[in-house]
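Note sheet for the following structure.
Number of protein chains: 2
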Amino acid sequence: MKQILPQIQNSIGSINYQWAFGLIHYFALQGVTQAVISPGSRSTPLALACEKHSDIETWIQIDERSAGFFALGLAQRKQQPVILICTSGSAVTNWFPAVVEANHSYTPLLLLSADRPAELQNCGANQTIDQSFIFGSHVREFITVEHADETLLKSNYLKRITTQAFSKTLNQKPGPVHLNIPFREPLLPRRFTADQLNHFINRLSQQVTESSTPIIQSQISKASISETRRDLLVETLDSGNGLIICGRLTHYEHQGFHKLLIALAEKLKCPVLIDPLSNLRLLSSSNSHFIYNYDHFLKNHHGDNKLTPEWIIRFGQFPTSKKLLQYLEQLDSHTILVSSYGDCLDPIHKANTILNTTPDRLCQQLLEASIKPNSKQWLKSWQNSEQNSETKIHKALDVCHDLFEGHIIHKLLGIIPDNSLLFSGNSMAIRDFDTFITRASAHDKNLSLYCNRGTSGIDGNLSTFFGLLANQPQTTKNYGVAVLGDLSFYHDMNGLLIAKQLNTLGYNASIIIINNNGGGIFNYLPQNQLDDFDKLWKTEINLNFKHSAQLYGLDYHRIEHHDDLESQLSKAISGSGIQIIEVIIDQKTSVECHTIL
Amino acid sequence: MKQILPQIQNSIGSINYQWAFGLIHYFALQGVTQAVISPGSRSTPLALACEKHSDIETWIQIDERSAGFFALGLAQRKQQPVILICTSGSAVTNWFPAVVEANHSYTPLLLLSADRPAELQNCGANQTIDQSFIFGSHVREFITVEHADETLLKSNYLKRITTQAFSKTLNQKPGPVHLNIPFREPLLPRRFTADQLNHFINRLSQQVTESSTPIIQSQISKASISETRRDLLVETLDSGNGLIICGRLTHYEHQGFHKLLIALAEKLKCPVLIDPLSNLRLLSSSNSHFIYNYDHFLKNHHGDNKLTPEWIIRFGQFPTSKKLLQYLEQLDSHTILVSSYGDCLDPIHKANTILNTTPDRLCQQLLEASIKPNSKQWLKSWQNSEQNSETKIHKALDVCHDLFEGHIIHKLLGIIPDNSLLFSGNSMAIRDFDTFITRASAHDKNLSLYCNRGTSGIDGNLSTFFGLLANQPQTTKNYGVAVLGDLSFYHDMNGLLIAKQLNTLGYNASIIIINNNGGGIFNYLPQNQLDDFDKLWKTEINLNFKHSAQLYGLDYHRIEHHDDLESQLSKAISGSGIQIIEVIIDQKTSVECHTIL
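Chains as they are written, first to last, in our numbering: chain S, 974 to 1570; chain X, 974 to 1570.
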């Protein structure tokens, strides 16, 4: 630290600053470029250090829960750690929903919570709670940062802990890391005039950022499997017809994988079931190996031999489709999980082998090996089912005259600009994307579809979308669309405060609320037979979201009829700024149309 | 369980129900009467068991964060455990802000989280996270409930764990207890028609509730101090002039304490500094021993001997006033903490003695003892300062022509009906209550003032208020008023979904938003000198809360001028249903008026 931090003054106030500026600067040297700050007093040194650092972009969100999800979106879009800052006390606990989602979606977050010093712990001091290990098993590491201290400033302590935290947040298994950072008062150097104070802060910031060289962090390691394991794998693949299933991938896993997977599928003559969150469906609709409509045709699969594989290779997260889950549950195929981060994502307990390698590395290794392809008939059977379902789904879209979810997704995929960001809510929305991103509606627009599928919560959806949007590469005609239900919209309405900022900054996006007035998904569960269904599950909230749009000064559109859908959707998407589009869906119609499928 | 649970069917679906109904029924037998439910699928048996139980009143709130705080309010008003129910996954983590507040405000909550069964843990199953010990040190106990099981149903297992949980949530040190409850599918008995299913649920509910006798739970024990300790204490009190300070008390501590404290103060001729959250200020303005305005006159105290006590007895939480804290910090008096729940609430490290007894018990013991009273001059000095400040504060209220917080509190206390509930936000609101509940403005209306002062967060304020309101005793002209800043209002706007329900149910209340457009409190901190003050601390949100009121169909009033304050406030408070009153405050004016004091 000696080289980079000047000895301006030795009061607690100034050491707090050297401490916070050092900490943030080391994170910047590792490659952190963004911080999301929720205002507070105890976190003053940290907030200022981010704001003043020339390599760090700061965002403000008052509600820490929404802030957490906004940071999650930012981090997911680039697979790059994002800093979160909040003050001490209950503020920290508001991050928890985003932290568990980050844990399960492998999203790197650096949670920097300010805290009161040791002498104020456990004695009834204001805004003071036990923040140690507060996120339990849901962070990769918890680091108790020492109190700001001159001796430690002169050591390489800050460099060591930031390197450790950054490494834990990104390497091996990306995820959140929590640093709890106590500060003693005064939080600002005392006895300075305003001018002196601002001068001190600016000088410190300048001196810190001008100094020292970046720290090169290794990225996630791309381990190959051993030759022995590869030979055993080839033996399995040679044993009969098989299937590749590709679930949700992280941004990091997705890079470079697409072409290798196509090459492998062609080499093996292998059907590849592609989950909507694999982000392969919206790229490759001309590829005859990719199977889109399995959620539709597998519901009628009752041990059909024509669709029974000898082996299965699974990439990414367990797929969204419940029909696929039920199909897989009754199989006895040799199942190989490709696990980039070492987890066994296998809720049906079918894995025979877990390979700790990345999807692209495994494809490369298998492309180099000599493997017997599947029979032509095998691939053909899948393609026939696929085509059959494709026809039926599109017929259902035509037959249903009243507005339902299928129409929205179908039309949206036609209208949405190329290279757009697409975000899906959980509950019904992602299931409808699964069903209605057919081959014909896919359009190959290179869309990126995201969804909080780590824990599949209805919380934080809007904020996650805005985070993804804010980090969307700024190419021409770039656009973002979120599609989510009324309960998910309601749950994170506070996230719209950032929408207001994004609006001012010139971002363009649409939020489509599929308003079926409550928990429409429960209509598909046995609970719908109960006398208490309406109160306990359907939970109509009867809100007109026009008022939410007005609260934040956002444009609002309301669509109630099928005939208006395409024109209204086009109009909204061609508008500038953030558009709120509320589409009114009748639950009964929706259930009927889904049943026709 | 044998006696109360019928052997209807032995499938998993029906055992889940016998399990959930048994669990909830045992809680009802202990005395639980309320449950707050956030909809979900995995929690189906628990939600139904509450809904069907004749002794349990259920409330629905979709956002689990707001649900947590609503339950907190319900529980605080009666110091009685309230059940919370949510589904598995990130839903649970949304309770965390309310859980830490419950921990630090000694509020009994029974957190019943549904979970997926063991076979779906740690393998990438949907909506499945590690829920074990998820609230860490912030609950009194974490109980892993076993999977619903026939053998256990026949044992007294459910009786034992519910008794244990109830006891931990209320006895010794009230607070939250977390029970994590896994359920296997099917969540409802299969192969039943809708009629059969509803019949089964109704029959089970009836059979469960008709059976067995209540379990008598001991309440918090009222331990006395030993005679030796009492004699030592009397010796200290005899040694010179002393002071009693009374901070925030729990509902339980408050009962019966008021009269005993007055008797003790009179016996000892002792000034009693009463925090606004002691709930003594709004009861006893004619009592000459009670001191209201210490926050005002202690700011000028620089070691003044006339106000330097030999001893201090402190009841309840550490007081709100920062001026009082600074005064106490520089004293060297013998300090006695009265700790009902065993905690040492002493952030300034001044306690010489901690007495593990309740405020009322200690008063009784001291009233029975022979103790030398303080000097007349001692009490007089405090009374003089009190009178002096009283004059100055009211002069300031007159001198400030432009609308500021002091006017709102002063007028409100005049208008608000007797026996009303009063809720204060944190940040500026509670400090303004501290300053402006003077002797003259107190009016002795038997108001109950509440504030989330456990962790002093800006989160969950509206929901806490609605919970308190829903459990307000239904006497004539009963009323509730919340006063909070715009950031606190914004943080928990989702809580207004319950307001909509309360509106329908005929509750009357007003929410006064003191809108100074952002973090007004930071104007009083040194951060206001920084160039980045507006972005990082002031954080103007520029929201017109008229739209929030419209979203939930609530009446809205906007007050911008001092001249309109009294008439508009009267008009709103005489309206029926939930009224949103937005009072626009200029930050500069506000700082000036506070400075005149």
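Heads up, the beta-carbon is just placed ideally off N, CA and C, and yes, glycines get one too. Predicted model only: the values in this text are computed from it and were never measured.
Pop quiz: residue i and residue j are said to be a contact at Cβ under 8 Å. What is the actual Cβ separation, rounded to whole angstroms?
i: A1008(X); j: V1207(X); result: Rounded, the Cβ-Cβ distance is 47 Å, inconsistent with contact.
i: H1274(S); j: Y1314(S); result: Actually they do not touch by this definition, with Cβ atoms about 31 Å apart.
i: N1517(S); j: N1490(S); result: That belief does not hold up - the Cβ atoms of N1517(S) and N1490(S) are roughly 11 Å apart, past 8 Å.
i: V1311(X); j: T1330(X); result: 6 Å
Quick one: which chain X residues come within Cβ less than 7 Å of residue i?
i: D1319(S); result: C1096, G1097
i: G1440(S); result: Those within 7 Å of G1440(S) in chain X number zero; the least Cβ separation is about 16 Å.
i: Q1502(S); result: A1167, L1170
i: D1505(S); result: L1021, E1024
i: P1012(S); result: G1492, L1509, W1510, T1512
Excluding the 5 residues flanking residue i on each side, which residues of the same chain have their C-beta closer than 6 Å to its C-beta?
i: L1395(X); result: L1420, L1422, V1454
i: P979(S); result: Reliability fails at P979(S), whose pLDDT of 43 lies under 50, so the model's placement of it is uncertain and the value that follows must be treated cautiously. Cβ within range, chain order: Q1180.
i: G986(X); result: P1159, L1161, P1162, R1163
i: S1212(S); result: E1283
i: N1425(X); result: E1074, T1437
i: V1102(S); result: Checking the sequence shown, residue 1102(S) turns out to be Ile, not Val. Only G1062 meet the Cβ criterion.
What does residue i touch in chain X if you count any residue whose Cβ is under 8 Å from its own?
i: D1391(S); result: Going along chain X, no residue has its Cβ under 8 Å from D1391(S), so there is no contact; the nearest lies around 31 Å.
i: D1103(S); result: G1109, S1110, H1111
i: H1151(S); result: The contacting residues do not exist; H1151(S) stays about 12 Å from chain X at best.
Against residue i, what residues of chain S qualify as contacts under a CB-to-CB distance less than 8 Å, listed in chain order?
i: M1466(X); result: M1466, N1467
i: D1536(X); result: What D1536(X) touches in chain S: nothing, since even the nearest Cβ is about 28 Å away.
i: V944(X); result: Because chain X is modelled from 974 through 1570, residue 944(X) falls outside the range shown and cannot be assessed.
For residue i, which residues from the same chain have a beta carbon less than 7 Å from its beta carbon, with the 5 sequence-adjacent residues on both sides left out?
i: K975(X); result: Because K975(X) sits at a pLDDT of 38, beneath the cut-off of 50, its placement in the model cannot be relied upon, and the point is left open.
i: E1024(X); result: T1031
i: I1035(X); result: S1011, P1012, L1470
i: Q1445(S); result: R1050, L1394, N1451, G1453
i: V1065(S); result: C1059, S1086, Q1104, I1107
i: N1266(X); result: E1359, S1362, E1363, I1366, T1411
i: A1020(X); result: I1010, I1058
Which chain S residues sit within Cβ distance under 7 Å of residue i?
i: H1520(X); result: H1520, Q1523, L1524
i: P1070(X); result: S1063, T1066, N1067
i: G1430(X); result: G1062, S1063, A1064
i: F1291(X); result: G1097
Identify the contact partners of residue i in chain S, using a Cβ-Cβ distance below 9 Å as the criterion.
i: R1221(X); result: Result: empty, since nearest Cβ-Cβ is about 10 Å, beyond 9 Å.
i: L1316(X); result: The amino acid occupying residue 1316(X) in the given sequence is Asp; Leu does not appear at that position. Within chain S, the residues near D1316(X) are N1095, C1096, G1097.
Starting from the C-beta of residue i, find all residues in its chain whose C-beta is less than 8 Å away, skip the five residues before and the five after it, and write them out in chain order.
i: D1417(X); result: L1255, L1256, S1257, S1258, S1259
i: P1499(X); result: none
i: I1344(X); result: V1207, L1210, D1211, K1240, L1241
i: T1568(S); result: none
Can you pull the chain X residues whose beta carbon is under 9 Å from the beta carbon of residue i, in chain order?
i: V1456(S); result: Those within 9 Å of V1456(S) in chain X number zero; the least Cβ separation is about 19 Å.
i: Y1463(S); result: I1035, D1036, N1467, L1470
i: F1115(S); result: Correct list: empty, because the minimum Cβ distance to chain X is about 11 Å.
Residue i CB to nearest chain A CB: under 9 Å?
i: T1364(X); result: Absent from the structure: chain A. Protein chains present are S and X.
The ligand NAD heavy atoms versus the CB of residue i: any closer than 8 Å?
i: T1017(S); result: Inclusion of the ligand NAD in the displayed structure is not the case, the ligand content being empty and no account of it being possible.
Beta strand (DSSP E) runs wholly inside the stretch 989-1066 of chain X, at least 3 long, in chain order
Correct list: 1007-1010, 1030-1033, 1055-1059.
Counting Cβ pairs closer than 8 Å, one from the stretch 1476-1485 of chain X and one from the stretch 1545-1556 of chain X, do we hit at least three?
Contact check between the stretch 1476-1485 of chain X and the stretch 1545-1556 of chain X: three or more CB pairs, one atom from each, fall below 8 Å, which counts as touching.
Check whether the stretch 1107-1115 of chain X and the stretch 1092-1111 of chain S are in contact - that is, three or more C-beta pairs closer than 8 Å.
Result yes; three or more Cβ-Cβ pairs closer than 8 Å.
Check whether the stretch 999-1006 of chain S touches the stretch 1144-1157 of chain S, taking contact to mean three or more Cβ pairs, one atom from each stretch, closer than 8 Å.
no
Using a Cβ distance threshold of 8 Å, determine whether the stretch 1317-1329 of chain S contacts the stretch 1128-1144 of chain X, with at least three qualifying pairs required.
no
Completely contained alpha helix (DSSP H) runs for the stretch 1490-1561 of chain X, where each covers 4 or more residues
1519-1524, 1535-1547
For a minimum of 3 consecutive residues, which ranges assigned as the beta strand (DSSP E) are wholly contained in the stretch 1217-1272 of chain X?
Runs found: 1245-1247.
Does the pairing of the stretch 1041-1050 of chain X with the stretch 1035-1044 of chain S give three or more beta-carbon distances under 8 Å?
no
If we count Cβ pairs, one from each stretch, closer than 8 Å, do we get three or more for the stretch 1522-1535 of chain S versus the stretch 1373-1390 of chain S?
Three or more Cβ pairs drawn from the stretch 1522-1535 of chain S and the stretch 1373-1390 of chain S lie within less than 8 Å of each other, which places the two stretches in contact.
Pairing CB atoms from the stretch 1288-1295 of chain S with CB atoms from the stretch 1231-1250 of chain S, are three or more of them under 8 Å?
yes
Please give the ranges of any beta strand (DSSP E) in the stretch 1339-1423 of chain X, keeping only runs that are unbroken, at least 3 residues long and fully inside the region.
1394-1397
May I have a chain-ordered list of the beta strand (DSSP E) segments no shorter than 3 residues that lie completely inside the stretch 1064-1095 of chain S?
1082-1088
Entirely within the stretch 1284-1325 of chain X and at least 4 residues each: give me those alpha helix (DSSP H) ranges in chain order.
You should have 1295-1302.
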